[in-house]
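To keep things clear, I will list the structure first and then write my remarks on it.
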Amino acid sequence: MLEIRDLHVRVEEHEILKGIDLTVRAGEVHSIMGPNGSGKSTLAQVLAGRETFEVTQGQVLYEGRNLLELTPEERACAGLFLAFQYPVEIPGVSNSHFLKTALNALRRQRGQPPLDAMEFLALARERMQLVEMDERLLHRALNEGFSGGEKKRNEVFQMAVLEPKLALLDETDSGLDIDALRAVAQGVNRLRSPQRAFIIVTHYQRLLNYIVPDRVHVLLEGRIVRSGGKELALELEQRGYGWLEQEAARAA
Amino acid sequence: MIQTLSRPGPYIAEFERLETRRGGRGGAWLMPLRRAAMARFAELGFPTTDQEHWRHTNLAPLAATPFGPADPDAHPGPEQLAPLLPAGQAARLVFVNGRFAPELSDTGSLPEGVLVRDLAPALEQPDAPLRAHLARHAAYRDQPLVALNSALFEDGALVHVARGVVVERPIHVVFVTTRQAAPVVTYPRTLIVAEAQSALSLVEAFAGLPPPGSQPPGAGAGAYFTNAVTELVAGENAHVDYCKVQRESAAAFHLHTLRISQQCNSTLAAHAVTLGGRLARTDLHATFDGPGAGAALEGLALLAGTQHADDHLRVEHLQPHCTSREFYKNVLSGQARAVFTGRICVARTAQKTDAKQTNMNLLLSDAARVDTRPQLEIFADDVKCTHGATIGQLDPDALFYLRSRGLPDGAARQLLIQAFAGEIIDRIPAEALRTQLRRELAARLPGGAAPGGAA
Chain A
662 MLEIRDLHVR
672 VEEHEILKGI
682 DLTVRAGEVH
692 SIMGPNGSGK
702 STLAQVLAGR
712 ETFEVTQGQV
722 LYEGRNLLEL
732 TPEERACAGL
742 FLAFQYPVEI
752 PGVSNSHFLK
762 TALNALRRQR
772 GQPPLDAMEF
782 LALARERMQL
792 VEMDERLLHR
802 ALNEGFSGGE
812 KKRNEVFQMA
822 VLEPKLALLD
832 ETDSGLDIDA
842 LRAVAQGVNR
852 LRSPQRAFII
862 VTHYQRLLNY
872 IVPDRVHVLL
882 EGRIVRSGGK
892 ELALELEQRG
902 YGWLEQEAAR
912 AA
Chain B
926 MIQTLSRPGP
936 YIAEFERLET
946 RRGGRGGAWL
956 MPLRRAAMAR
966 FAELGFPTTD
976 QEHWRHTNLA
986 PLAATPFGPA
996 DPDAHPGPEQ
1006 LAPLLPAGQA
1016 ARLVFVNGRF
1026 APELSDTGSL
1036 PEGVLVRDLA
1046 PALEQPDAPL
1056 RAHLARHAAY
1066 RDQPLVALNS
1076 ALFEDGALVH
1086 VARGVVVERP
1096 IHVVFVTTRQ
1106 AAPVVTYPRT
1116 LIVAEAQSAL
1126 SLVEAFAGLP
1136 PPGSQPPGAG
1146 AGAYFTNAVT
1156 ELVAGENAHV
1166 DYCKVQRESA
1176 AAFHLHTLRI
1186 SQQCNSTLAA
1196 HAVTLGGRLA
1206 RTDLHATFDG
1216 PGAGAALEGL
1226 ALLAGTQHAD
1236 DHLRVEHLQP
1246 HCTSREFYKN
1256 VLSGQARAVF
1266 TGRICVARTA
1276 QKTDAKQTNM
1286 NLLLSDAARV
1296 DTRPQLEIFA
1306 DDVKCTHGAT
1316 IGQLDPDALF
1326 YLRSRGLPDG
1336 AARQLLIQAF
1346 AGEIIDRIPA
1356 EALRTQLRRE
1366 LAARLPGGAA
1376 PGGAA
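So the sequences go chain by chain: A and B.
Residue numbering for the first sequence is 662 to 913, as defined by our numbering.
Residue numbering for the second sequence is 926 to 1380, as defined by our numbering.
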């Protein structure tokens, strides 16, 4: 589904990603872990089409297409979704109006008829239950004044409505209490399917108690220094990142 | 050069003509004031950019244009007025080229105690409230534009709501100028008096009208000058919703002085929507003349092309326990320019004043320009006064967020601009007007049906 080859990314003078290789197949859940500043969020945002980053080398194929040539909205229409680390507050834009507009843009792309207000509301109500989200949030301005947990639930709720093929979760677990974490994980787990893949960027191993990944990758200073099964996450939890940093330093 | 530009000569000549014509007719009680006002305008001339309050708005092109009287015989059809008049009014007064148009007006279904009429005949036989209030609030001494209007206005709207009377549906006052071959000037004058314990909703609209059969309503009339004065008095514990909608034509100069006087415990919600005009300036001067009064003064301007709009607010807290909220937004594209000045004066006696001022500007092009100036003069020591201004472009983070969900770039931009501007529209209490303006907003904003179109 997704193939990243030797991806190098720069912001102004700083090279942040220094040659990433990653292959994700349909049905898989990959976790990307690493300390702050290792480039995890950059990778997620580059895949979603953030223009502040400059790709200097390498390529990204998504279902055989050159992903980097597509605009953010074209990527969304092709089935890509990014759950933001910091969801943006947008006063004056209602959550439900925004999401209905987005969903109908995607449905048009998929050759499906648009949902009317009633059909959308029925779908939204059903999907909100997945993340145990308060229905009142649907009628408020997008993320405005939402608590941290409400924002993250709203991200996963949007994902559940938009039904992407490839979902990127950027530190969706950061700053969540246990209830919110469980709700977010439940939302993701219900969406797991043989047709859908996830890349879960996280700083902590805790989320992976609830969402069991197929593969775990450790990102350090812009490179994937180790990949393994879910047991790698447990090892990181016990030993931290220090030993991998030392190994990387020795190798350099 | 400045003398030439601010030359009041033609206006004095016009005054003399009118004085002769008025001759033995009524309205004599007003003549001393008119003469004094004319003399004052002759001394002051039009403001120039040398004056602090006019630093950012240049009236030289206006002063240099010879404006003649407007055609008294224009009779636009009701279908031309329809877009300016949303449904559900309690009454409407329509003025065409400065003259009352009874065939377009309707004052049939007003509750008892509400007077809505044209000023001209009322001036002939003034009643006590008219004498007590007309030209008593908008002082002309330091305001040449008020002086000019006071000297030369011939007609306008008189709205009087008696003590304790509640008018639930809005009253509309509409001043239109039709397209004419040569530049013309009109002097709309409105007096609104809401007596103690009354409640009133009033919409005052200014618009340029294309001649019958001309195509796009946005094309509007040729050059003209609207010099309007509105006096609004809210009596003790009265509530007034006032909404101004300005849709002058693209070649129009719109200069409007809105003078508000609030008695104790009165509340006012004033909204100003600026859509048209080549150059628009509104001087809003509000005073709290009794304690416990509150005013929300809000405005939105959508400016495109080379439009220039200047909102000049002065709120005077003269009494304790009054609250003022100013919230003005501008959306600018092209080479448009907006000026916001918000002066808040708090007198020594006005303790417990609570004043807040916010001015937010959204620039959609690099060539657009905004000048925003908060001015606080505070002489009391137990007050809460805050001000804030922002000038910025669309938030790239918000844009990326919307696009990442599948919204095309243009749709995402439009959604954000509409959200910014809609915040003011959504606060307009008059429902039919709010709905109408919402639609108009969608049609005018970039990405809408009429990109950057100025009326």
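Here a beta-carbon is modelled for each residue, glycine too, at the ideal position from N, C-alpha and C.
B/Asn1255 - partner residues in DSSP beta bridges:
B/Asn1255 pairs with B/Ala1226 and B/Asn1286.
Contacts of A/Gln819 in chain B (Cβ-Cβ under 9 Å):
For A/Gln819, the chain B residues whose Cβ falls inside 9 Å of its Cβ are Arg1330, in order along the chain.
Taking three-plus beta-carbon pairs below 8 Å as touching, is the region 1157 to 1167 of chain B in contact with the region 1112 to 1123 of chain B?
Cβ pair count under 8 Å is three or more, so yes.
What is the DSSP secondary structure of A/Glu908, counted as helix, strand or coil?
Correct three-state label for A/Glu908: helix.
Leaving out five residues before and five after A/Gly883 in sequence, what residues of the same chain have Cβ atoms less than 6 Å from its Cβ?
The residues are Ile677, Leu678, Lys679 and Gly700.
Identify the residues that DSSP records as bridge partners of B/Gly1317: which are they?
In DSSP, B/Gly1317 forms a bridge with B/Leu1287.
Is the beta carbon of A/His691 closer than 8 Å to that of A/His878?
A Cβ-Cβ contact shorter than 8 Å links A/His878 with A/His691.
Which of the three DSSP states is assigned to B/Thr990 in this structure?
For B/Thr990, the three-state secondary structure derived from DSSP is coil.
Proximity test, Cβ basis, 8 Å: B/Tyr1326 and chain A
Yes - at least one Cβ of chain A is within 8 Å of the one on B/Tyr1326.
State the CB to CB distance for the pair A/Thr717 and A/Arg666, rounded to an integer number of angstroms; the pair is presumed to be in contact (CB under 8 Å).
A/Thr717 to A/Arg666, Cβ: 14 Å. No contact.
Distance, A/Arg711 Cα to A/Gly848 Cα:
A/Gly848 and A/Arg711 have their C-alpha atoms some 25 Å from each other.
If you drop the 5 nearest sequence neighbours on each side, which residues of the same chain put their C-beta closer than 6 Å to that of B/Ser1075?
Residues Ala962, Ala1060 and Tyr1065 of the same chain have their beta carbon placed closer than 6 Å to that of B/Ser1075, with the five preceding and five following residues left out of the count.
With distances taken Cα to Cα, identify the nearest neighbour of A/Ile751 among A/Ala737, A/Gly810 and A/Ala802.
Looking from the CA of A/Ile751, the closest CA among A/Ala737, A/Gly810 and A/Ala802 belongs to A/Ala802.
What is the DSSP secondary structure of B/Pro1141, counted as helix, strand or coil?
Because B/Pro1141 sits at a pLDDT of 47, beneath the cut-off of 50, its placement in the model cannot be relied upon, and the point is left open.
Which residues does DSSP list as the beta-bridge partners of A/Asn727?
A/Asn727 has A/Leu722 as its beta-bridge partners, per DSSP.
So if DSSP puts B/His1196 in a beta bridge, which residue, or which two residues, is it bridged to?
Within the DSSP bridge table, the entry for B/His1196 names B/Cys1168 and B/Glu1223 as partners.
Determine which residues share a DSSP beta bridge with A/Ile885 and list them.
The partner list for A/Ile885 (beta bridge, DSSP) reads A/Leu880.
Can you list, in chain order, the residues of its chain whose CB lies under 7 Å from that of B/Glu1365, leaving out five sequence neighbours each side?
For B/Glu1365, where only same-chain residues beyond five positions count, there are no Cβ hits under 7 Å.
First through last residue of the alpha helix (DSSP H) which encompasses B/Thr1212:
Taken as a continuous stretch (DSSP letters only), B/Thr1212 belongs to no alpha helix (DSSP H), being part of the beta strand (DSSP E) at Leu1204 to Phe1213.
B/Ala1163 to B/Leu1070, Cα distance in whole Å?
Near 29 Å, if we compare the C-alpha coordinates of B/Leu1070 and B/Ala1163.
Own chain, CB closer than 6 Å to A/Val886, minus 5 neighbours either side, in chain order
For A/Val886, where only same-chain residues beyond five positions count, the Cβ hits under 6 Å are Val879, Leu905 and Ala909.
Pick from B/Arg1056, B/Thr973, B/Tyr1112 and B/Phe1020 that is closest to B/Trp954, judged by C-alpha positions:
That would be B/Arg1056, whose Cα lies nearest to the Cα of B/Trp954.
Could you tell me the boundaries of the beta strand (DSSP E) in which A/Ser692 lies?
Boundaries of the beta strand (DSSP E) around A/Ser692: Val690 to Met694.
When B/Glu1079, B/Ala1229 and B/Asp1067 are compared against B/Phe1025, the one with the closest alpha-carbon
Closest in C-alpha terms to B/Phe1025, from the list B/Glu1079, B/Ala1229 and B/Asp1067, comes B/Glu1079.
Once DSSP output is grouped into helix, strand and coil, what is the label at A/His864?
Here A/His864 carries a coil assignment [DSSP, helix/strand/coil].
Nearest to B/Ala1355 by CA position, among B/Phe1178, B/Val1170, B/Leu1200 and B/Asn1284, is which residue?
Of the candidates B/Phe1178, B/Val1170, B/Leu1200 and B/Asn1284, the one whose C-alpha sits nearest the C-alpha of B/Ala1355 is B/Val1170.
Could you check what DSSP says for A/Glu673 in three-state terms: helix, strand or coil?
Three-state DSSP puts A/Glu673 in coil, outside helix and strand.
Let me see if you follow: with CB-CB separation under 8 Å, is A/Leu767 close to chain B or not?
Yes - at least one Cβ of chain B is within 8 Å of the one on A/Leu767.
Taking the alpha-carbon positions, what's the A/Gln856 to A/Ala894 distance?
Taking the Cα positions, A/Gln856 is about 25 Å away from A/Ala894.
Any beta carbon of chain B sitting closer than 8 Å to that of A/Thr684?
The C-beta of A/Thr684 comes no closer than 8 Å to any C-beta of chain B.
Could you check whether the Cβ of A/Glu898 sits closer than 7 Å to any heavy atom belonging to the ligand ZN?
Inclusion of the ligand ZN in the displayed structure is not the case, the ligand content being empty and no account of it being possible.
At the level of alpha carbons, what is the spacing between B/Gln975 and B/Gly1224?
The sequence shown places Asp at residue 975 of chain B, not Gln. Their backbone Cα atoms lie some 27 Å apart in a straight line.
Distance cutoff 8 Å, beta carbons only. Does A/Arg726 sit that close to anything in chain B?
For A/Arg726, the answer is no, since every Cβ of chain B falls outside 8 Å of its Cβ.
At the level of alpha carbons, what is the spacing between A/Gly890 and A/Ala846?
Rounded to the nearest whole angstrom, the C-alpha separation of A/Gly890 and A/Ala846 is 19 Å.
Give the DSSP-derived three-state secondary structure of A/Gln899 in the structure shown.
Helix.
B/Ala1047 and B/Leu1083: beta carbons closer than 8 Å?
In this structure, B/Ala1047 lies near B/Leu1083, with their beta-carbon atoms less than 8 Å apart.
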